[in-house]
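Report on the following structure.
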Amino acid sequence: MTTAGISRTTTAEPYERYETCGSYDELVARVHAGELGPDPAALRIAVAFTTRQAVRHDGRGTGYRNEVLSLRLGGAVGSCAVEPGALPDRAVEECVGASVARLLEHPLLPVRVAALDAYLMHVTPHTPRNGARPVSLSAGTSLEKSRARAKAVVALLDLPADATVLVVGVVNSLLEELRSRGLSYVPCDLKGGLTEWGEAVVSDALAEAGHCDALLVSGMTLGNGTFESLRRLALAHGKQLVMFAQTGSAVLPRFLGHGVSAVCAEPYPFFWLDGGPGTLHRYGGSCPEGGR
């Protein structure tokens, strides 16, 4: 293919069910105690870096910016997105050479999330053996790849055509894909504003969640501290909660069955970094190839 698209890769290889957790705090505590893998005090971050991006896709009237903190542990990279300009320069320097255990107690939440993600990526990488179902993204323009990712994410929802989805973390390609499937949505983002189609973006996810049939939520909620409230709400009310995760791609599968129904995990390098092919990893959901 010369444009971006999705191809499914299936495997009959059995996977090992790694342990899930009932809350974010429980997960962090178990990692600290060395219950899910090596002692985090004995593992040190070799490389820390930020990735900054500004984008305005061809044919789109609006653009956006991204900033992501990434930490490398061995062959694994853990990431957490932040609001552009919010991360102090000293944070990167503080991470280099520090143990994972120390960074799990860092005063900045994005650093703690990136460290947890790096550790869990090191322990349970996105492989079929660990329950991941790979989805190949073909090479293409930034917009083509964005739309291909949106198809992979939205396919994890299992909803009738007249359902309404709360979208936390507005991505226009996701909204476009929901529209194409006849699904209504409520766009939500802490920054507010308008969508590509002039729709008002609400800022209080919890206030809107009760009026929606399912939640489609960015992994950025880990980094701003709002994930747990959304997870608890979905669990209490039996609502589907599908996560699309560049932030915490190895963290969020740990909550499958505890409020999270599916995850589309996208570890570094992200689809927007180049025009070449890439891979997403899906867990749970209603995709025909099955899964954990």
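Under the working numbering, the first residue of the sequence shown is numbered 2, with each subsequent residue one higher. Ideal Cβ placement from N, Cα and C applies to all residues, glycine included. Just so we're clear, the structure is a prediction, and the values are computed from it rather than from any experiment.
Distance CB(H33)-CB(L105) smaller than 8 Å: Indexing the sequence shown from 1 puts residue 33 at position 32. Indexing the sequence shown from 1 puts residue 105 at position 104. In this structure, L105 lies closer than 8 Å to H33 by Cβ.
Less than 6 Å between C-beta atoms, sequence neighbours within five positions excluded: which residues of the same chain meet that for G38? Here residue 38 is taken as the residue at index 37 of the sequence shown, counted from 1. Once the five neighbours on either side are set aside, the close Cβ partners of G38 are V124.
Starting from the Cα of L231, find the closest Cα among S250, F256 and Q247 and give me that residue. Here residue 231 is taken as the residue at index 230 of the sequence shown, counted from 1. Of the listed residues, the one whose Cα sits closest to L231 is F256.
Using only CA atoms, which one of L191, P135, A235 and E94 lies nearest to V306? Since the displayed the chain opens at 2 and closes at 293, residue 306 lies outside it and no answer follows.
V93 in three-state terms, based on DSSP: For the purposes of this step, residue 93 is identified with residue 92 of the sequence shown, where counting begins at 1. Residue state, collapsed to three classes: helix.
Limits of the beta strand (DSSP E) - the one that A87 falls within: Within the sequence shown, numbered from 1, the residue matching residue 87 stands at position 86. Segment: none, A87 is in no beta strand (DSSP E) and carries neither H nor E.
Under the three-state reduction of DSSP, which class applies to G276: helix, strand or coil? Taking the sequence shown and counting its residues from 1, the one referred to as residue 276 is at position 275. If DSSP states are grouped into helix, strand and coil, G276 belongs with coil.
Same chain, Cβ closer than 6 Å to A42, five either side skipped, listed in chain order: For the purposes of this step, residue 42 is taken as residue 41 along the sequence shown, with counting starting at 1. The answer, listed in chain order, is S100 and A102.
Which whole-angstrom value describes the C-beta separation of A92 and V69, a residue pair presumed to lie in contact below a C-beta threshold of 8 Å? Residue mapping note: residue 92 aligns to position 91 of the sequence shown, counting from 1. Residue mapping note: residue 69 aligns to position 68 of the sequence shown, counting from 1. No, A92 and V69 are not in contact; Cβ-Cβ is about 12 Å, not under 8 Å.
Have a look at V202 and L144 and give me their C-alpha separation to the nearest angstrom. Along the sequence shown, read from residue 1 onward, the residue named residue 202 stands at position 201. Along the sequence shown, read from residue 1 onward, the residue named residue 144 stands at position 143. In a straight line, the C-alpha of V202 is about 21 Å away from that of L144.
CA-CA distance, A208 and C96? Within the sequence shown, numbered from 1, the residue matching residue 208 stands at position 207. Within the sequence shown, numbered from 1, the residue matching residue 96 stands at position 95. Rounded to the nearest angstrom, the two C-alpha atoms are 36 Å apart.
Would you list the one or two residues that DSSP bridges to N67? Start at 1 with the first residue of the sequence shown, and residue 67 comes out as number 66. Note: N67 sits in a beta bridge opposite Q54.
So, are the CB atoms of A302 and Y284 less than 8 Å apart? Since the displayed the chain opens at 2 and closes at 293, residue 302 lies outside it and no answer follows.
Out of H282, L175, L274 and L281, state which residue places its alpha-carbon closest to the alpha-carbon of V56. The sequence position of residue 56 within the sequence shown is 55, counting from 1. Here the closest residue by C-alpha is L274.
Using a Cβ-Cβ cut-off of 8 Å (strictly less than) and excluding sequence neighbours within five positions of W198, which residues of its own chain qualify? Residue 198 sits at position 197 when you count from the first residue of the sequence shown. So the list reads L176, once near-sequence residues are dropped.
Any idea if K146 is buried or exposed, counting beta-carbon neighbours within 10 angstroms, 16 or more meaning buried? Residue mapping note: residue 146 aligns to position 145 of the sequence shown, counting from 1. Looking at its Cβ environment, which holds 16 or more other Cβ atoms inside 10 Å, K146 is buried.
In terms of residue numbering, what span does the alpha helix (DSSP H) encompassing V187 cover? For the purposes of this step, residue 187 is taken as the residue at position 186 of the sequence shown. Not the alpha helix (DSSP H): V187 falls in the beta strand (DSSP E), residues S185 to C189.
Just the C-alpha distance for T248 and P278, rounded to the nearest angstrom, thanks. Taking the sequence shown and counting its residues from 1, the one referred to as residue 248 is at position 247. Taking the sequence shown and counting its residues from 1, the one referred to as residue 278 is at position 277. Distance between the alpha carbons of T248 and P278: 20 Å.
If you count every other CB in all the chains shown that lies within 10 Å of the CB of P85, and 16 or more means buried, which is it? Reading the sequence shown from its first residue, position 84 is the one you call residue 85. By the 10 Å Cβ count, P85 comes out exposed.
List the endpoints of the continuous alpha helix (DSSP H) containing F245. Taking the first residue of the sequence shown as 1, we reach residue 245 at position 244. No alpha helix (DSSP H) contains F245, which is instead part of the beta strand (DSSP E) from Q241 to A246.
Cβ-Cβ separation, V166 to L217 (assumed contact under 8 Å), whole Å: Taking the sequence shown and counting its residues from 1, the one referred to as residue 217 is at position 216. Taking the sequence shown and counting its residues from 1, the one referred to as residue 166 is at position 165. Their Cβ separation, rounded to whole angstroms, is 5 Å, which keeps L217 and V166 in contact under 8 Å.
Got a sec? Which residues, its chain only, sit under 7 Å from P126 by beta carbon, not counting five neighbours each side? Position 125 of the sequence shown holds residue 126. A77, listed in sequence order.
Collapsed DSSP secondary structure at G285 in the structure displayed: Within the sequence shown, the letter at position 284 stands for residue 285. In the structure shown, G285 sits in a strand (DSSP, three-state: E or B).
Give the secondary structure of A266 by DSSP, where H, G and I count as helix, E and B as strand, and everything else as coil. As a working note, residue 266 is residue 265 in the sequence shown. Strand, per DSSP.
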